[in-house]
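Student:
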Amino acid sequence: MGSPLDPHSNTHTCVVTMVTGDTVNMAAAARNRSKVWGSFSKIDDKVVRCKLCGKDYAFHTSTSGMLAHLEKKHPMPSSLKQSSMDAFRVRKLDISRAEKITGLMTSMVAKDVLPVSFVEGVGFRELMAFLEPDYQVPCRKTTTVRLEKMYEDKAASLRESLCAAEHLAITTDAWTALTTESYVTVTAHYFEDWKMKTALLQTRAMPERHTAENLANVLGAAAEDWGIADKIVACVHDNATNVTVATSRHLEWESHRCFAHTLQLAVNDGFKLNSIANVVGGASRLVSHFHHSTVASEALKKKQAIQLKEPHRLIQYVKTRWNSIHDMFERLLEQRWTIAAVLSDREVTKLSDARTLDLTDANWHTMEELLPVLRALKSATTALCSEKEVSVSVVYPITAALLSRHLQRDEGESPRVSEFKRRVSDSLTSRMEPENTGTAKKAAFIASFLDPRHKHLKFTTKEVKEAVQEKVRDLLSGLRAVSGDSARVDDDESGPAKRAKQVDAMVSFFGEDYFKGDTVTSDHSEIERYTNEEGISPSQDPALWWSLNESRFKNLSRLAKAYLCIPATSVPAERVFSAAGLVVNRLRSRLLPKHVDMLLFLNKN
């Protein structure tokens, strides 16, 4: 028999095997050992001691007593706790959860403007199979039916809200889809407990020519369909003649032209001056060169780094957005010397190109002088087109500020800039007619008077102020007449109230109007009290002011609800176009017009 230390003996092999086997078993035991032993030490086979408090416990074979001690005396991490059996049970998909998933999926199609066919996508179905193996993803047809039901429910809810509104305003605009189909969009705006509400009513296809009569038919049908024909205070639209005639003549609604569009037309009249148009054209050519030449673009980045300028790209103007001219001028002036460095570098720019592209000192000076004027005009447009609803009450205050401050000629400015200001000022004045007493009877001036920020009408003439207040008194008389008609209808009904009136002989003898004050004097007094009080800051919310003072000015507050809900621009209708571009695209150009209307309605509401 060989020595145990002999590497060639069988005994050595046996010992190694035994040691290796014990090591594996010990490792397995360590892995299976409860984590609770990290807080206890074993004194002997029957006693263990807590490492945290030093208390001894009897130990048999289970660690449950040790675990109970830790949970009671020493709260421990959840990782040490034993998992319950519920954690290992497979969750069954019940009917209510499946319905909830389907509802959320349908809502996602509307909110994220997704194609209905996405529910049949392979990747989406693989995801749902992983998240909910028992869930059956609905097909495209089922999802469409769900969307139609969602549309019906939302439309019914909106009808109830519109029915409760006493007055409202609408905006409208037309657009052409990628499929060359023409659509007309209508939005509604009204107060509900002095909270402004905005809703998209419809986006209907209009294959007919956009004549005033056809547009009137479409808009009139929309008003009748939603039950708001007798509630519309004004319709806001662009400056197109056909929609102006449709609303004011055919439908006899008050027609209010989008102020942002009006301002754009006035500014564009200024840019039509040859001296200004030449500056805009030269600046545009310069920007185009850097946009189309990768060599020049890269050289500009290097020059910006050398001169420690911001690495900004040059901005090209867009003809349909005059604000972009301001942005183009501002960026060119910021990067003037980096541009000059690139144009003077013959390794980058040819001499002939440099002579063609480089702007004269006079042109640079004109841009510098124009920039403050354009900045003021842009600020006005930005305020009008902000996300927050902007009331028509700000239209004439903004117009007056532009005419009296920002478009006034300054001493020492160049003839180019003076002529630009004069041209824009004349155009804006002729379009808005701010000093015409006839204009004072329109919604914009009335809304300004009913807006506690502008109620003193400091921006206009004495004659216009008087005309506005006279119109407000007429409107209050109209409201009182309507209320009187309602009271007479109530008197025709039988009931305890009527019998009580018949019994009261004193009221019958003197007449029911005996105790009432002079209504004309009452209206005059309410207007007088309203105008004698101080106004509020332009930064404050007029709706909030009216909600706190409604009880003090009961009649004027009704007018305020009717006129302050009128938007200053048709932007709400135009914003539908951006979502419409996602709904009607090349991937779903066969979408039916009724489904376009449905998807946009659900997305915006």
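Just so we're on the same page, my numbering is the position in the sequence shown counted from 1, plus 618. The C-beta atom is built at its ideal place from N, Cα and C for all residues, glycine as well.
#1: Just reading off the alpha helix (DSSP H) that H874 is part of, what are its end residues?
#2: Spatial neighbours of V960 within its chain, please: CB distance less than 7 angstroms, with the 5 preceding and 5 following residues excluded, ordered by chain position.
#3: How is I1154 classed by DSSP in three states: helix, strand or coil?
#4: Where T1017 and C853 are concerned, what is the direct C-alpha to C-alpha distance, given to the nearest angstrom?
#5: Give the DSSP-derived three-state secondary structure of I719 in the structure shown.
#6: Considering K937, what are the terminal residues of the beta strand (DSSP E) in which it resides?
#7: May I ask you to report which of helix, strand or coil DSSP gives W793?
#8: Let me know the secondary structure DSSP gives A1186 once reduced to three states.
#9: State the DSSP-derived secondary structure class of R1049, mapped to helix, strand or coil.
#10: Am I right that A830 and V863 are in contact with their C-beta atoms under 8 angstroms? What's the rounded C-beta distance?
#11: For E986, which option in D976, R964, T805, R954 has the closest C-alpha, if you only look at C-alpha atoms?
#12: What does the alpha-carbon distance come out to for the pair D662 and T681?
#13: CA-CA distance, R903 and N981?
#14: Name the two residues that bound the continuous beta strand (DSSP E) containing M824.
#15: Just mark H910 as buried or exposed, buried being the case when its beta carbon has 16 or more other beta carbons within 10 Å.
#16: So within the stretch 957 to 1039, which uninterrupted alpha helix (DSSP H) runs reach at least 4 residues, ignoring any that extend past its ends?
#17: Assuming D674 is part of the beta strand (DSSP E), what are its boundary residues?
#18: Helix, strand or coil: which one does DSSP assign to V634?
#19: If you draw a straight line from the C-alpha of I894 to the C-alpha of A774, how long is it?
#20: Pairing CB atoms from the stretch 1161 to 1177 with CB atoms from the stretch 1077 to 1096, are three or more of them under 8 angstroms?
#21: Grab the span of the alpha helix (DSSP H) containing I850 for me, first residue to last.
#22: With a Cβ-Cβ cutoff of 7 angstroms, do V885 and V1042 count as a contact?
#23: Is it buried or exposed for S1022, if we count other Cβ within 10 angstroms and need 16 for buried?
#24: For K1116, does the count of other Cβ atoms within 10 angstroms reach 16, so buried, or fall short, so exposed?
#25: What did DSSP end up calling C781 once you bin it into helix, strand or coil?
#26: Using beta-carbon positions only, say whether P1015 and H1072 come within less than 7 angstroms of one another.
#27: With a CB to CB cut of under 6 angstroms and the five nearest residues on each side skipped, what residues in its chain are close to A787?
#28: Near M1059, which residues of its chain fall below 6 angstroms by C-beta distance, leaving aside the five closest residues on each side in sequence?
#29: Among the candidates A728, L833, R875, E1146, whose CA atom is the shortest distance from the CA of K1222?
#30: With 16 as the cutoff for other CB atoms within 10 Å, does V1189 come out buried or exposed?
#31: I need the DSSP call for K710, collapsed to helix, strand or coil.
#32: Using the three-state DSSP reduction, which class does F908 fall into: helix, strand or coil?
#33: Would you mind giving the Cβ-Cβ distance between L1218 and T821, rounded to the nearest angstrom? I have them listed as a contact below 8 angstroms.
#34: Beta strand (DSSP E) containing E810: first to last residue?
#35: From the DSSP output, in three-state form, read off K813 for me.
#36: Which word fits K1083, buried or exposed, when buried means at least 16 other C-beta atoms lie within 10 angstroms of its C-beta?
Tutor: In this structure, then:
#1: Counting along the chain, H874 falls outside any alpha helix (DSSP H), though it belongs to the beta strand (DSSP E) covering 872 to 875.
#2: Taken in chain order, the residues that qualify are A914, A917, L918, K921, V966, T967.
#3: I1154: coil per DSSP, three-state reduction.
#4: In this structure, the CA atom of T1017 is about 20 angstroms from the CA atom of C853.
#5: I719: helix per DSSP, three-state reduction.
#6: For K937, no beta strand (DSSP E) encloses it, and the DSSP letter there is neither H nor E.
#7: Here W793 sits in strand by DSSP.
#8: In this structure, A1186 counts as coil in the three-state DSSP scheme.
#9: The DSSP-derived three-state label of R1049 is helix.
#10: Your pair A830 and V863 checks out as a contact, with CB atoms roughly 4 angstroms apart and the cut at 8 angstroms.
#11: Residue R954 is the option with its Cα nearest to E986.
#12: Counting only the Cα atoms, T681 lies some 15 angstroms from D662.
#13: A straight-line Cα-Cα distance of about 13 angstroms links R903 and N981.
#14: If you look at M824, you'll find it isn't in any beta strand (DSSP E); DSSP assigns it neither H nor E.
#15: Its Cβ having fewer than 16 others within 10 Å, H910 is exposed.
#16: Every alpha helix (DSSP H) of 4 residues or more that sits fully in the stretch 957 to 1039 is shown, in chain order, as 969 to 975, 979 to 1002, 1013 to 1019.
#17: Here the beta strand (DSSP E) through D674 covers 674 to 676.
#18: Reliability of the predicted coordinates at V634 is poor, the pLDDT of 38 falling under 50, and the value obtained from them is presented with this limitation in mind. If DSSP states are grouped into helix, strand and coil, V634 belongs with the helices.
#19: Straight-line Cα distance between these residues: approximately 54 angstroms.
#20: Touching, yes, given that three or more Cβ pairs across the two stretches are closer than 8 angstroms.
#21: No alpha helix (DSSP H) holds I850; the beta strand (DSSP E) holding it covers 850 to 855.
#22: The Cβ-Cβ distance between V885 and V1042 falls below 7 angstroms.
#23: Taking all protein chains shown into account, S1022 has fewer than 16 neighbouring C-beta atoms within 10 Å of its C-beta and is therefore exposed.
#24: Confidence at K1116 is low in this model, with a pLDDT of 42, below 50, so its placement is unreliable and no value can be given for it.
#25: Three-state DSSP puts C781 in a helix.
#26: A contact, by the Cβ cut-off of 7 angstroms.
#27: Closer than 6 angstroms at the Cβ level, and outside the excluded window around A787, lie H807, V851, A852, C1183, I1184.
#28: At residue 1059 the sequence reads Lys, which differs from the Met that was named. Excluding residues up to 5 positions away in sequence, K1089 lie with their Cβ nearer than 6 angstroms to the Cβ of K1059 in the same chain.
#29: Considering only alpha carbons, the answer is A728.
#30: Flag for V1189 reads buried.
#31: K710: coil per DSSP, three-state reduction.
#32: DSSP places F908 in helix when its eight states are reduced to three.
#33: A Cβ-Cβ separation of about 5 angstroms places L1218 in contact with T821 under the 8 angstroms criterion.
#34: Per DSSP, E810 belongs to the beta strand (DSSP E) from 800 to 810.
#35: In this structure, DSSP gives K813 an extended state, which the three-state scheme calls strand.
#36: Buried is the call here.
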